[in-house]
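Right, one structure below, let's go through it.
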Amino acid sequence: MKMRKGPSAALMIVAILVALYTLFPFFLVVINSMKKANDIVASPVSLTGASISQLTQNISNVVSNSNFNFWAAFGTSAIITIVSLILLALFGGMAAWVICRNKTKWSTVIYMTFIASMIIPFQVVMLALISTFRDVGNFIGIKMLQSIPGIVFAYLGFGGAMTVFILTGFIKGIPYELEEAAAIDGCSPEGTFFRIIFPLLKPVITTVTILNGMWIWNDYLLPSLMLGQNGPVKTLPVAVQAFVGSYVKRWDLILPAALLAILPMIILFIFAQKQIINGMVEGAIK
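Sequence positions in the sequence shown follow our numbering and run 60 to 345.
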């Protein structure tokens, strides 16, 4: 039996170089968040002028800035992200289960529609999306733009395709005999899903939720279009734009604000990377 060889030295060097290249922008954000504005402009790549005390001062200036309104933006991002993730997991699981178990030509068409929508860039549909949301909101009497329900509904549409795609592959590997046994015991279809299927989806739902969460939390383009850069409701990435003027850019505020915006997702990924990998592996095995 041949022993499995590890990665070669050349491959490790390439991997390290790619990792350094990927982390370099984050490194710039961190070190420049610890500087005064003049030091950032004078030497953006070096550690000259960087200090923990200056980082604390910059973060304090950001949080207390009335234009940024950190806590309101943080709360808005948290509400949009949490509500969107709960609905994506719930409705995505239901849709994937029906597509897998209800073998008809219509279920195949619906599934292929989900897959096809994944290859359409958002930039292609963004103008039509805003116009449609405005017209639908006027028709039903509900404000769809510059409102949290409207952008949550949009995230359900854009995030649903990947959610259904991943969950469908996992559900196909769940033995159908479990559902037959539940039906014999008198369990309704709804009960079968919530008592049998949904608990089994926990590993892959955790993975999908983390991936969708990082995307929704860090997204800038969709919130800037639907909520507006000067609207009453802003997410953290949109609120950072408050420090960018036509002629003056407050780098000593922009970079600490960007660091505060991405920090929650970095912490989440550090603690949840094992669950992401396990969910992907289990989905592939299924």
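All C-beta atoms, glycine included, are put in the ideal place defined by N, C-alpha and C.
| query | result |
| --- | --- |
| Please report whether the beta-carbon of residue 276 lies at a distance below 9 angstroms from any beta-carbon of chain C. | Although the question refers to chain C, the structure presented lacks it and comprises just one protein chain. |
| Taking DSSP as the reference, what is the three-state secondary structure of residue 157? | helix |
| Applying the 10 Å Cβ sphere with the 16-neighbour rule, what's the burial state of residue 296? | buried |
| Take the Cβ of residue 168 as the centre, count every other Cβ of all protein chains shown within 10 Å, and call the residue buried at 16 or more, exposed below. | exposed |
| What is the DSSP secondary structure of residue 60, reduced to helix, strand or coil? | Any reading at residue 60 needs caution, since the residue's pLDDT is 46, under 50, leaving its predicted position unreliable; the model's value is listed next. It is coil, neither helix nor strand. |
| CB residue 203 to CB residue 270, shorter than 9 angstroms? | no |
| Please go through the same chain and pick out, in chain order, the residues whose beta-carbon is closer than 8 angstroms to the beta-carbon of residue 127, but skip the five residues on each side of it. | 121, 298, 299, 301, 302, 312 and 316 |
| Using beta-carbon positions only, say whether residue 352 and residue 230 come within less than 9 angstroms of one another. | It is not possible to answer for residue 352, since the shown part of the chain is limited to 60 through 345. |
| Please specify which runs of the alpha helix (DSSP H), each continuous and at least 4 residues long, are wholly inside the region 78-166, giving them in chain order. | 96-101, 111-123 and 129-160 |
| Report the partner residues of residue 303 according to the DSSP bridge assignment. | 308 |
| Span of the alpha helix (DSSP H) holding residue 180? | Counting along the chain, residue 180 falls outside any alpha helix (DSSP H), and DSSP gives it neither H nor E. |
| In whole angstroms, give me the CA-to-CA distance for residue 190 and residue 199. | 14 angstroms |
| Would you kindly report the start and end of the unbroken alpha helix (DSSP H) that includes residue 261? | 261-277 |
| Which word fits residue 235, buried or exposed, when buried means at least 16 other C-beta atoms lie within 10 angstroms of its C-beta? | exposed |
| Residue 151 and residue 104: beta carbons closer than 9 angstroms? | no |
| Please name the residue in 272, 171, 181 and 209 whose C-alpha comes closest to that of residue 326. | 272 |
| For residue 72, count neighbouring Cβ atoms within 10 angstroms of its own Cβ and tell me buried if that reaches 16, exposed if not. | exposed |
| For residue 165, count neighbouring C-beta atoms within 10 Å of its own C-beta (all shown protein chains included) and say buried if the count is 16 or more, exposed if not. | exposed |
| For the region 109-121 against the region 275-294, do three or more pairs of beta-carbon atoms, one drawn from each stretch, fall closer than 8 angstroms, so that the two count as touching? | no |
| Taking all protein chains shown into account, decide if residue 245 is buried (16 or more other Cβ within 10 angstroms of its Cβ) or exposed. | exposed |
| Do you know offhand how far residue 250's Cα is from residue 173's? | 26 angstroms |
| May I ask you to report which of helix, strand or coil DSSP gives residue 294? | coil |
| Just tell me which of 90, 106, 134 and 74 has its CA closest to the CA of residue 293. | 134 |
| With 16 other CB atoms within 10 Å as the buried threshold, where does residue 86 fall? | exposed |
| Helix, strand or coil, according to DSSP, for residue 234 in the structure here? | coil |
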